[in-house]
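Remarks on the structure that follows.
There are 2 protein chains.
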Amino acid sequence: MPMDAVNHQFKLAARPVGLPKSSDWSFEEEPVRDPGDGEVLVKVLYVSLDPAMRGWINEGRSYIPPVAIGEVMRALGAGVVVASNHPDVAVGDHVTGLLGVQGYVVAHGNAVMKVDTSLAPLPVYISTLGMPGMTAYFGLLDIGRPQPGETVVVSGAAGAVGGVVGQIAKLKGCRVVGIAGGAEKCRYVVEELGFDAAIDYKSENVEAALAEHCPKGIDVYFDNVGGEILDAALARLARNARVIICGAISQYNATGAMRGPSNYLSLLVNHASMTGFVVSDYGDRYAEGAREMAGWLSSGKIKTREDVAEGLENFPETLLRLFSGANTGKLVLKVADE
Amino acid sequence: MPMDAVNHQFKLAARPVGLPKSSDWSFEEEPVRDPGDGEVLVKVLYVSLDPAMRGWINEGRSYIPPVAIGEVMRALGAGVVVASNHPDVAVGDHVTGLLGVQGYVVAHGNAVMKVDTSLAPLPVYISTLGMPGMTAYFGLLDIGRPQPGETVVVSGAAGAVGGVVGQIAKLKGCRVVGIAGGAEKCRYVVEELGFDAAIDYKSENVEAALAEHCPKGIDVYFDNVGGEILDAALARLARNARVIICGAISQYNATGAMRGPSNYLSLLVNHASMTGFVVSDYGDRYAEGAREMAGWLSSGKIKTREDVAEGLENFPETLLRLFSGANTGKLVLKVADE
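Below you can see the structure in the form of structure tokens.
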């Protein structure tokens, strides 16, 4: 590891209004510093691009403080340790953590998690074995509590979370309907992931299609998108339905008021619930989720797909692919070779 | 009982758009008919006026079929049996049930419930010992699950349901904040019902007042009103909060789109839930609720208040008092002396 290496970083330059513009970021460089006592130096190999990042750059109260102006953009990532002053972490170890949108990061050894790339490729640890997979696992199973024979609907079905939600629901014996944008994504979730049906919200009337594909109503609705699709799903709830609020990607870049679900009184007439969560609420149960998910992956019961873009310098445009719905599977940015 | 008695009835003449107008009703009369086998003839003494009635006259899917055009308006009520062909019901018995907005009703003896007016005055059986009381009881305790020391907020706090919700929450050791319209209602819920604080939504900024009165956030929010007040409460949720959707009286007469709660992502950041219900979901547990509520009433731990208007012919205007917020306590229409 050349100690005169340069660290390239994306910092937040301005709070975006609507979709983040290139001028909302500044691409800077600084020398890589030596790790201090207990710290490790990680070379970042993959930056995880997640819808939640849009929320992290808004001002105001949320589940974690916003990224400050001038701060390196927060991101999950995966990399390799190139220097270590921590007894439990060795040079060459692969790790994941909040590494930031940058080429190198110095972090405390306890703040990164070692992963075993002999069991799964590194990007999978920020995908189905990482935050999106745990989000699907705990949201569906802990909040949704799907029972065999029930109908589970998931929006963002071709995304990193939605694709896993539907596959777990199939393992649990449910009828699974995905909502996604475009014929190719719909083909992917039915033919490759094994969903029972898919609805293309770009070309179909979602409410009518839900009526067709969910004749007994929706028992579990896992929502990643909000907006009109959430309202369409609410209109088709079965009695005692559980709605899981995981995200609202259709609303994250809204410049006006957030659109609330105007059909929410469907909760009343159907004795139904709508429950929100973020995956960190389940931090103390990650090991349980990761263990079961790893088993499903290795036995081929769950498929994982990563949509890999390349080049740290392409971060601003690549992030926008999440909001235009251009990605299928987990969007990651490969920033370096090992 | 004179068998040539005339039955006056309000029938639904048209589906209201917005607030029901007098022309949406027809006031008709017909001869009182003799009860058939197993039936009883009830002289209606009190008609219950409830926000849910507005939903019953809309077209479309809900938890019960809508009142048809030309049908007697559906209403809960209390009366006295004046003729009986049912072995378990005697002339002179007091009963409650879905009696309709009319002077007399012939019903099957199994479709009415006998009540004991030596324990509580008859109107209380369509108030705190009836549907509104059971609504408060099961909604708060079964869905809200308030714990000692938690903060409970209820809207429509001076109404039939809200006033009971707050009093039960006090019995459970909670800090209780009511939201009501006007200084007199706020005085009533604090001084007479024992709430810790009240917010006058007509003269105060509700969000700022909630911040002041709920410094640790809202653990349980019991919503009767929807609209802006629901959004203000969502903005102040504590972690693991439970929101109970009991009604949305601010929205029932809306002629445009229903306003959805635009702050619903507060559920996500706070790992909170929003659950709806109608009291009939708890039909098999009424006896349990009624027994406990009767105990609280007789020991003075819960107070009940009925706001009694008079005259069947005044039904259309009296119903509107619910939507203008004119009533304090349970609104009932006395339609006859015994």
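These protein sequence lines map, in sequence, to chains A and B.
Counting along the first sequence from 1, when you hit position 167 you're at 202 in the numbering used here, and nothing is skipped either side.
Counting along the second sequence from 1, when you hit position 23 you're at 58 in the numbering used here, and nothing is skipped either side.
We put the beta carbon where it would ideally sit given N, CA and C, even for glycine.
Since this is a predicted model, take the numbers as computed values, not measurements.
Which chain B residues sit within Cβ distance under 8 Å of residue i?
i	result
A/P296	G295, P296 and Y299
A/I280	Y299, L300, L302 and L303
Keeping to the same chain, check which residues put their C-beta closer than 7 Å to that of residue i; ignore five residues upstream and five downstream.
i	result
A/T152	H129
B/S297	D266
A/A125	V116 and S119
A/S57	P351
A/G217	D235 and K237
A/C249	T186, V188, V212 and R271
A/I280	D258, M309, T310 and G311
B/E226	none
Excluding the 5 residues preceding and the 5 following residue i in the sequence, name in chain order all residues of the same chain whose CB lies nearer than 8 Å to its CB.
i	result
B/G324	G168, M169, Y172, F173 and Y317
A/Y98	V313 and S315
B/D372	L80
A/S308	A276, R277, V278 and L302
A/P183	K207, G208 and C209
Buried or exposed for residue i, going by 16 or more other Cβ atoms inside 10 Å?
i	result
A/E341	buried
A/N240	exposed
A/G135	buried
A/N93	exposed
A/N145	exposed
A/G282	buried
B/R320	exposed
B/S301	buried
A/A344	buried
B/T290	exposed
A/G364	buried
A/K385	Given that chain A is displayed from residue 36 to residue 373, the structure contains no residue 385 of chain A and the question cannot be resolved.
A/S359	exposed
A/G179	buried
B/A103	exposed
A/N349	exposed
A/G261	buried
A/S162	buried
Contact defined as beta carbons within less than 8 Å: I believe residue i pairs with residue j. What is the distance between those atoms, to the nearest angstrom?
i	j	result
A/I253	A/A244	No, A/I253 and A/A244 are not in contact; Cβ-Cβ is about 12 Å, not under 8 Å.
B/L84	B/L354	5 Å
A/K338	A/L228	6 Å
B/V159	B/A192	So it is not a contact: roughly 19 Å between Cβ atoms.
B/V82	B/G105	About 19 Å separates the two Cβ atoms, so there is no contact after all.
A/R68	A/Y287	A/R68 to A/Y287, Cβ: 34 Å. No contact.
A/G114	A/V141	Not confirmed; about 12 Å, so no contact.
Using the beta-carbon of each residue, which ones in chain A are nearer than 9 Å to residue i?
i	result
B/G311	Y299, L300, S301, L302, L303, V304, N305, H306, A307, S308 and M309
At 7 Å on the CB atoms, spell out the chain B contacts of residue i, in chain order.
i	result
A/D316	H306
A/A283	L300
What residues from chain A crowd round residue i, counting only those whose CB sits closer than 7 Å?
i	result
B/Y98	V304
B/A292	S297
Could you pull out every residue in the same chain whose Cβ sits closer than 6 Å to the Cβ of residue i, ignoring the five residues on either side in sequence?
i	result
A/R61	Correcting the residue identity first, residue 61 of chain A is Ser in this sequence and not Arg. Counting only Cβ-Cβ distances below 6 Å, and skipping sequence neighbours, we find K46 and A48.
B/A204	P181, V187 and V211
B/Q44	E63, V107 and Q137
B/V189	G197, V200, G201, G213 and F257
B/H121	G73, V75 and G144
B/P86	G282, I284 and L357
A/V147	V130 and G132
B/K149	D128 and V130
B/A232	V212 and H248
A/K369	Y81, V343 and E345
Closer than 9 Å, CB to CB, is residue i near chain E or not?
i	result
A/D266	Of the protein chains in this structure, namely A and B, none is chain E.
inquiry  = Give the list of continuous beta strand (DSSP E) stretches no shorter than 3 residues that lie fully inside the region 109-182 of chain A.
reply    = Fully enclosed beta strand (DSSP E) runs of no fewer than 3 residues occupy 111-119, 129-133, 139-143 and 148-150 of the region 109-182 of chain A, in order along the chain.
task = Counting only runs of 4+ residues fully inside the region 183-253 of chain B, write out the alpha helix (DSSP H) ranges in chain order.
result = Counting only runs of 4 or more, we get 197-206, 218-222 and 241-248.
ask   = Which runs of the beta strand (DSSP E) spanning at least 3 residues fall entirely within the region 259-343 of chain B, listed in chain order?
value = Runs found: 272-280 and 308-311.
request  = Within the region 42-70 of chain B, note down every full beta strand (DSSP E) run reaching 3 residues or more, in order along the chain.
outcome  = Unbroken beta strand (DSSP E) stretches of 3 residues or longer found wholly inside the region 42-70 of chain B: 60-66, given in chain order.
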